[in-house]
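Q:
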Amino acid sequence: MPELPEVETIKRQLQRELPGLRIKRCKVTLPRLVTYPSARTYCRKIAGRRIEKVGRRGKYLIFELDDELDLIIHLGMTGSLSLVESAETYPRHTHIVFDLSDGRELIYVDPRTFGETALLIHGDYSPRRGLASMGPEPLAADFTREGLAARLGGTALIKAALLDQRRIAGIGNIYADEILHRARINPCRRLNELTPDDIKRLHHSIQEVLREAINGRGSTISDYVDLEGEKGGFQNLLKVYRRSGEECQTCGESIRMVRVAGRSSHYCPSCQK
DNA sequence: ATAGGCCTGACG
DNA sequence: CGTCAGGCCTAT
Numbered sequence: 004m005p006e007l008p009e010v011e012t013i014k015r016q017l018q019r020e021l022p023g024l025r026i027k028r029c030k031v032t033l034p035r036l037v038t039y040p041s042a043r044t045y046c047r048k049i050a051g052r053r054i055e056k057v058g059r060r061g062k063y064l065i066f067e068l069d070d071e072l073d074l075i076i077h078l079g080m081t082g083s084l085s086l087v088e089s090a091e092t093y094p095r096h097t098h099i100v101f102d103l104s105d106g107r108e109l110i111y112v113d114p115r116t117f118g119e120t121a122l123l124i125h126g127d128y129s130p131r132r133g134l135a136s137m138g139p140e141p142l143a144a145d146f147t148r149e150g151l152a153a154r155l156g157g158t159a160l161i162k163a164a165l166l167d168q169r170r171i172a173g174i175g176n177i178y179a180d181e182i183l184h185r186a187r188i189n190p191c192r193r194l195n196e197l198t199p200d201d202i203k204r205l206h207h208s209i210q211e212v213l214r215e216a217i218n219g220r221g222s223t224i225s226d227y228v229d230l231e232g233e234k235g236g237f238q239n240l241l242k243v244y245r246r247s248g249e250e251c252q253t254c255g256e257s258i259r260m261v262r263v264a265g266r267s268s269h270y271c272p273s274c275q276k
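Using my numbering, the first residue of the first sequence is number 4, and each one after it goes up by one.
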């Protein structure tokens with residue numbers, strides 16, 4: 004699914020197109036994707052609202068509407084958004100359509116339906132626990148090395164900790180593996196074993212990998228496309244993710260895949276200790 | 001900490 | 001047919 008770089012790419016495109024437009028009407032054909040309030044209330048309250056700004060928090064898109072409402076969308080594993088001219092036929096797995104005041108439609112497509120959307124009071128994310136308990140934004144100016152160290156308490160495996168959205172926002176399986184490779188840290192290391200120098204490299208790596216991935220407009224492994232339907236450009240620059248058996252570009256050792264925290268984890272056994 | 005569940009589709 | 005997949009929640 005879209006991780007922080009992919010969601011950021013879509014957010015930038017939405018922010019270019021949507022502010023100032025109104026949502027005339029919203030149609031939901033798979034109500035369970037609306038997790039708060041009911042799909043019925045969600046649509047009723049959205050109708051007529053003006054989109055003021057599009058933001059992002061972790062892997063969530065946040066559409067700030069007038070009347071102090073925040074429309075949030077999480078793309079799950081296979082969700083995508085696209086802006087289309089008024090259409091009479093929609094792609095397979097279209098579940099939500101927002102009619103916009105300029106005649107276009109914003110459509111939400113999601114084959115695996117792991118995504119979700121909700122309508123919250125601006126700034127009050129308590130109805131969605133995942134959003135309310137989200138850790139700091141890793142690309143924010145105040146995300147310091149000391150701040151990171153403070154988030155990495157306990158004895159969890161570092162790989163699991165990077166995937167834990169309560170510790171740090173926005174990192175998923177692809178970028179967790181890429182970050183650990185750049186930081187030369189083995190995914191099975193435990194937090195309490197990390198040295199100050201490990202944390203320093205980890206902090207740099209988190210920011211560098213995510214920034215580079217955003218510059219590359221994200222990674223397309225299979226499904227991901229941006230608002231324009233374009234695939235990402237960063238998948239070719241991945242060093243370890245889904246490259247088991249290939250030679251490590253740093254040392255030539257064969258990239259290995261293991262299962263950590265229930266997720267496939269790709270790493271170089273020679274570079275990452 | 002781990003497994004299972006939610007879904008569909010691609011691939012072997 | 002079985003296995004796997006970029007996420008996240010719940011229960012054990």
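We put the beta carbon where it would ideally sit given N, CA and C, even for glycine.
Just so we're clear, the structure is a prediction, and the values are computed from it rather than from any experiment.
Can you tell me whether Thr44 is helix, strand or coil according to DSSP?
A: Three-state DSSP puts Thr44 in a helix.
Q: Would you mind working out which of Gly232, Arg187, Pro190 and Gly173 sits nearest Ala216, comparing C-alpha positions?
A: For Ala216, the nearest C-alpha among the options comes from Gly173.
Q: State the start and end residues of the unbroken alpha helix (DSSP H) segment that holds Val212.
A: Pro199 to Asn218 is the extent of the alpha helix (DSSP H) around Val212.
Q: Please report how far the alpha carbon of Arg169 lies from the alpha carbon of Leu7, in whole angstroms.
A: In a straight line, the C-alpha of Arg169 is about 14 Å away from that of Leu7.
Q: To the nearest angstrom, how far is it from the Cα of Ser267 to the Cα of Ala159?
A: Going from the Cα of Ser267 to the Cα of Ala159 covers about 17 Å.
Q: Beta-carbon separation of Arg154 and Lys203 under 7 Å?
A: Not a contact, by the Cβ cut-off of 7 Å.
Q: Which of the three DSSP states is assigned to Gly58 in this structure?
A: Strand at Gly58.
Q: Cβ atoms of Gly236 and Gly219: under 7 Å apart, would you say?
A: Against a cut-off of 7 Å, the Cβ pair of Gly236 and Gly219 comes out as a contact.
Q: Please report the residue range of the beta strand (DSSP E) in which Lys162 lies.
A: Here Lys162 belongs to no beta strand (DSSP E); instead the alpha helix (DSSP H) covers Ile161 to Leu166.
Q: Since Pro139 contacts Leu213 with CB under 8 Å, what's their CB separation in whole angstroms?
A: In fact, because the Cβ distance is near 13 Å, the residues do not count as touching under 8 Å.
Q: For Ile182, which three-state DSSP category applies?
A: DSSP places Ile182 in helix when its eight states are reduced to three.
Q: Please report the straight-line C-alpha distance between Gly106 and Arg25, rounded to a whole angstrom.
A: One C-alpha to the other measures close to 10 Å.
Q: For Tyr39, which residues from the same chain have a beta carbon less than 6 Å from its beta carbon, with the 5 sequence-adjacent residues on both sides left out?
A: Hits under 6 Å: Ala121 and Pro130.
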